[in-house]
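The structure appears right after this line, and notes come after that.
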């Protein structure tokens, strides 16, 4: 056994974040996406801040569970397509999609799986969650949803691929296909009926319901809970070959003419004119 040690230092917790509110109360960490002006859509810099939060949750021995939510009326509108379109218009890649950028992390790197988080998360869906927002929700083991919230994928709507393999294993297959192929939506009641969320409550009670669930988790043995999460992660893991293949598909489709057209059409609020190239 190594004689070296590296105890957690509370001073290393993320501070002065611009796009995420991060705080701790007792044994619970709160991660609140804080870009309400764009319905909490994520860009390169928000991804970086989220990754810092997931990493800190994993490192802090006094944190047993995290609650994830969004500021304002949305949980997360997925990737910031306008941010993407602006880079396309200037002939550049976004920092997280540019291999020459120090911030390169294909897919953004703002999801709990990107740091192999082994502690439970509770999604408090105060509003709709689409795209990468839905991926984050599905990586939370417990979920509370507002009565008027909804979920969707929407990647193909803007000429992108997303992560359909994650939806296909985390959701009923017909539901995953409806979301990823048809850009369909599921209401809160539909999510409850299909076992996608644990509770549906009025919008102003979402955080309280999530905190009640967090308190239940905190009463359990942290070692046992974290062992369960490690097991969940192993069960949900994909073969490396599939992960590599899916990432390659995502990147190739993203950089087609249709990938550019999808982002441009979204910014211009019109229907895309697909060219199949």
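Residue numbers (our numbering): 28 to 304. For each residue, glycine too, the CB sits at the ideal point set by N, CA and C.
What residue range is occupied by the uninterrupted alpha helix (DSSP H) comprising residue i?
{"i": "residue 207", "result": "200–209"}
{"i": "residue 244", "result": "233–245"}
{"i": "residue 82", "result": "71–86"}
{"i": "residue 280", "result": "267–281"}
{"i": "residue 290", "result": "284–295"}
{"i": "residue 101", "result": "Residue 101 -> not in any alpha helix (DSSP H); beta strand (DSSP E) instead, spanning 101–103."}
{"i": "residue 195", "result": "191–197"}
So the candidates are the options; which of them puts its Cα closest to the Cα of residue i?
{"i": "residue 150", "options": "212, 161, 83, 99", "result": "161"}
{"i": "residue 232", "options": "140, 131, 171", "result": "171"}
{"i": "residue 117", "options": "287, 292, 301, 297", "result": "287"}
{"i": "residue 110", "options": "292, 299, 56, 100", "result": "292"}
{"i": "residue 113", "options": "228, 289, 30", "result": "289"}
{"i": "residue 176", "options": "226, 278, 77, 93", "result": "226"}
{"i": "residue 167", "options": "189, 192, 197", "result": "197"}
{"i": "residue 78", "options": "131, 33, 104", "result": "131"}
{"i": "residue 294", "options": "103, 93, 186", "result": "186"}
What did DSSP end up calling residue i once you bin it into helix, strand or coil?
{"i": "residue 167", "result": "coil"}
{"i": "residue 224", "result": "coil"}
{"i": "residue 176", "result": "coil"}
{"i": "residue 50", "result": "strand"}
{"i": "residue 35", "result": "coil"}
{"i": "residue 57", "result": "strand"}
{"i": "residue 14", "result": "Residue 14 is absent from the structure shown; the chain starts at 28 and stops at 304."}
{"i": "residue 66", "result": "coil"}
{"i": "residue 116", "result": "helix"}
My guess is that residue i and residue j are in contact by the Cβ rule of under 8 Å, so how many angstroms apart are they, rounded?
{"i": "residue 37", "j": "residue 49", "result": "About 13 Å separates the two Cβ atoms, so there is no contact after all."}
{"i": "residue 157", "j": "residue 135", "result": "Not confirmed; about 14 Å, so no contact."}
{"i": "residue 100", "j": "residue 174", "result": "Not really, about 13 Å apart at Cβ, beyond 8 Å."}
{"i": "residue 58", "j": "residue 80", "result": "5 Å"}
{"i": "residue 285", "j": "residue 304", "result": "7 Å"}
Does residue i come within less than 9 Å of chain B when only Cβ atoms are used?
{"i": "residue 165", "result": "The structure shown contains no chain B; it is built from a single protein chain."}
Note the first and the last residue of the continuous beta strand (DSSP E) segment covering residue i.
{"i": "residue 212", "result": "212–214"}
{"i": "residue 94", "result": "92–97"}
{"i": "residue 150", "result": "148–152"}
{"i": "residue 156", "result": "155–157"}
Could you check whether the Cβ of residue i sits closer than 8 Å to any heavy atom belonging to the ligand SAM?
{"i": "residue 34", "result": "For the structure depicted, the ligand SAM is absent and the ligand set is empty, with no information on it obtainable."}
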